[in-house]
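Below is one structure, written out as structure tokens, with a few remarks after it.
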Amino acid sequence: MIKLNDRLQIIAERLKDEKTMADIGTDHGFLPVFLLQSGQCDRVILADISVPSLAKAEENCRRYFTGEYEECAARAEFRAGDGLTVLKPGEVDAVVIAGVGGKLITELLERDMEHTCSFRKYVFQPRIGQGILRKWLCDHGFHIIHEDLVEEGHFIPEIITAISPETAGSADEKKDPVKCLTEDVLACASESERQMEIFYQIPPWIVSAGGPVEDFLLRMLEREQSVLEQIMMSKERNRASEEIRCDNIYYLKDLLRQVRERGAMCDGAK
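Last residue of the sequence shown: 270 (the UniProt record's numbering), numbering continuous.
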């Protein structure tokens, strides 16, 4: 059986209750291959706007769907096309869009909101623009139900799992152990616009995410401190920018405090 890297393994775990899925921008196609081989999904759709990338995915399927996994080949479908346009409304339970920017993801989603909302669950792994994606999801009634962080080389990718507005209030989703995160956004609604920006970029609910949360926050804190130093050393100091960075640093330090307190509580319970 194919072995996934940690990032794809977490995405697979967020699809554990879905029987059909589409991998938009599938590239090598390893995730759908695993989902079929493991019996987690009954049917997968591998889609990519790049015909050569889709050919690569088809080649990998031929490579891995042999022997005891030969029957998996009939349950994998390949489609060349742009974004969700390759899918029929409600055709799959879940959609994965990974490895592209958050802004591009929002553009793919908002092309046809009725079509977008016909799919129950989404798992996103934006390469950049995570805050842009979170804000768009919250503004359009999606419920973020999971956040995961994972180490991949020198990077810590962020994985966001959300359900569409059409199913956000269903009984099954209310059983999810992670609170609907839009509630946290509403709780921060009284904050200034400049503070809301970092709330989406590094959300307050990140403290309950899976993975290297403390390391992630430390990296973000180091980055904010570095930017603040550069601003303060500038010949023409921008006081407004200094205040924003100071607010961000205070906010990140508070998140770190929460993470460490949660860790101490867990250690104490052992």
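Glycine included, every Cβ here is placed at the ideal spot set by N, Cα and C.
Sorting Gly131, Pro126, Val86 and Val123 by C-alpha distance to the C-alpha of Asp112 places Val86 at the top.
Assignment of Gly67 by DSSP, reduced to helix, strand and coil, places it in the helix class. Beta bridge pairing from DSSP links Leu46 with Asp23 and Phe78. Three or more beta-carbon pairs separated by less than 8 Å link the region 145-153 to the region 203-212, which places the two stretches in contact. Around the beta carbon of Ser164, a 10 Å sphere encloses 16 or more other beta carbons of the protein chains shown; the residue is thus reported as buried. Sequence-distant Cβ neighbours of Arg43 in its own chain, meaning closer than 6 Å and more than five residues away, are Thr20 and Arg75. Secondary-structure assignment with DSSP links Thr161 through a beta bridge to Val123 and His146.
By the Cβ criterion, the region 58-72 is not in contact with the region 90-109, since fewer than three pairs of Cβ atoms, one from each stretch, lie closer than 8 Å. An exposed status is given to Tyr250, since fewer than 16 other beta-carbon atoms sit within 10 Å of its beta-carbon.
Counting along the chain, the unbroken beta strand (DSSP E) around Val96 starts and ends at Ala94 to Ala98. Take Gln258, set aside five residues on each side of it, and the residues of its chain with a beta-carbon closer than 7 Å to its own are Val207, in chain order. Here Glu152 is bridged, per DSSP, to Phe155. Below 8 Å, enough C-beta pairs join the region 127-137 and the region 102-111 to call them touching: three or more. By the neighbour-count criterion, in which a residue is buried when 16 or more other Cβ atoms sit within 10 angstroms of its Cβ, His143 is buried. Separation of Gly153 and Glu243 (C-alpha to C-alpha, rounded to the nearest whole angstrom) is 33 Å. Met196 and Ile10 have their alpha carbons spaced roughly 28 Å apart. Each residue's CA atom was taken as its position, placing Gln125 and Tyr64 some 25 Å apart. Per DSSP, reduced to three states, the secondary structure at Gly83 is helical. In the DSSP annotation of this structure, the continuous segment of the alpha helix (DSSP H) that includes Lys103 starts and ends at Gly102 to Glu110. Residue environment analysis places Asp23 among the buried positions, since at least 16 neighbouring C-beta atoms fall within 10 angstroms of its C-beta. The beta carbon of Thr167 sits closer than 6 Å to those of Arg120, all from its chain and outside the five residues before and after it, given in chain order. In this structure, DSSP gives Gly39 a state outside helix and strand, which the three-state scheme calls coil. Taking 9 Å as the cut-off, the beta carbon of Ser53 is found no closer than this to the beta carbon of Met1.
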